[in-house]
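Q: Heads up: the sequence shown runs through residues 344 to 481, numbered per our numbering. Yeah, the Cβ is synthetic: ideal placement off N, Cα and C, and Gly gets one too.
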Amino acid sequence: MRKKRKQKKKVLQQKKKRILKVKKRKKTILLKFIEECKQKLLKKYEELSNLQKSSADILFEEKGDEADIADSVLGREMTQELSDTQRKILDLITLALEKINKGTYGICENCGKIIEKKRLSILPWVRYCVKCQNNIEK
Ligand SMILES: [Zn+2]
Numbered sequence: 344m345r346k347k348r349k350q351k352k353k354v355l356q357q358k359k360k361r362i363l364k365v366k367k368r369k370k371t372i373l374l375k376f377i378e379e380c381k382q383k384l385l386k387k388y389e390e391l392s393n394l395q396k397s398s399a400d401i402l403f404e405e406k407g408d409e410a411d412i413a414d415s416v417l418g419r420e421m422t423q424e425l426s427d428t429q430r431k432i433l434d435l436i437t438l439a440l441e442k443i444n445k446g447t448y449g450i451c452e453n454c455g456k457i458i459e460k461k462r463l464s465i466l467p468w469v470r471y472c473v474k475c476q477n478n479i480e481k
C-alpha cells in the first residue's frame with residue numbers, strides 16, 4: 344500500500360518534470376521567435392530611416408527648370424504620402440521594440456490575448472490581434 348503510494352508520487356514528480364521541460368522548451372521557442380521579430384523590426388526601421396533620409400535629399404536637390412516643376416510637385420506629394428505611412432510604421436516599430444524590452448511583446452493592446460504568430464511574422468509591429476484590428480477598422 345505504502346509502496347504503491349510512493350510509486351504514484353514518483354510518477355507524479357516525473358510528470359511535473361516533463362511539464363516543466365516542455366514549458367522551458369516553449370519559452371525558448373518563444374524567445375527565439377521574439378528575437379526574430381526584433382531583427383525584422385530593426386531591419387525595417389533601418390530601411391525606413393534610410394528611405395526617409397534619401398527622400399529628404401531628393402527634395403533638397405529639387406530645383407530644376409519649369410518643365411520639371413509639375414513632376415517635382417507630384418514627386419513631393421508622393422514622398423509626403425509615403426513619409427506619413429513610413430512615420431506611422433516607424434512609431435509602431437519603436438513601440439514594439441519598447442514592448443520587447445518590457446516583456447509585453449506579442450500581446451494585443453485591446454483584449455490582452457496573444458497575437459497570432461503568423462500575423463507577427465508578417466507584420467511584427469502590429470499592436471492588436473486580427474479580431475480587435477477588424478473591430479477598430481470598422
Ligand atoms: Zn485583441
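If you run the structure through DSSP and keep just helix, strand and coil, what is isoleucine 458?
A: What you label residue 458 is simply residue 115 of the sequence shown in a count that begins at 1. Three-state result, isoleucine 458: coil.
Q: Determine, using beta-carbon pairs with one atom in the region 352-360 and one in the region 438-445, whether at least three such pairs fall under 8 Å.
A: The region 352-360 vs the region 438-445: no contact.
Q: Tell me which same chain residues have a C-beta within less than 7 Å of the C-beta of proline 467, skipping the five on either side of it?
A: Here residue 467 refers to the residue found at position 124 when the sequence shown is read from its first residue. Only Cys380, Lys383, Leu384 and Ala439 meet the Cβ criterion.
Q: Hey, quick one: how far does the alpha helix (DSSP H) through lysine 481 stretch, first residue to last?
A: The residue you call residue 481 lines up with position 138 of the sequence shown. Note, lysine 481: premise wrong, no alpha helix (DSSP H); not H, not E.
Q: Compute every distance between the C-beta of tyrosine 448 and the non-hydrogen atoms of ligand 1, then say whether any falls below 6 Å.
A: What you label residue 448 is simply residue 105 of the sequence shown in a count that begins at 1. No, Cβ of tyrosine 448 sits at least 6 Å from all heavy atoms of ligand 1.
Q: Alpha carbon to alpha carbon, what distance is there between cysteine 475 and isoleucine 450?
A: Along the sequence shown, read from residue 1 onward, the residue named residue 450 stands at position 107. Along the sequence shown, read from residue 1 onward, the residue named residue 475 stands at position 132. Approximately 12 Å between the Cα atoms of the pair.
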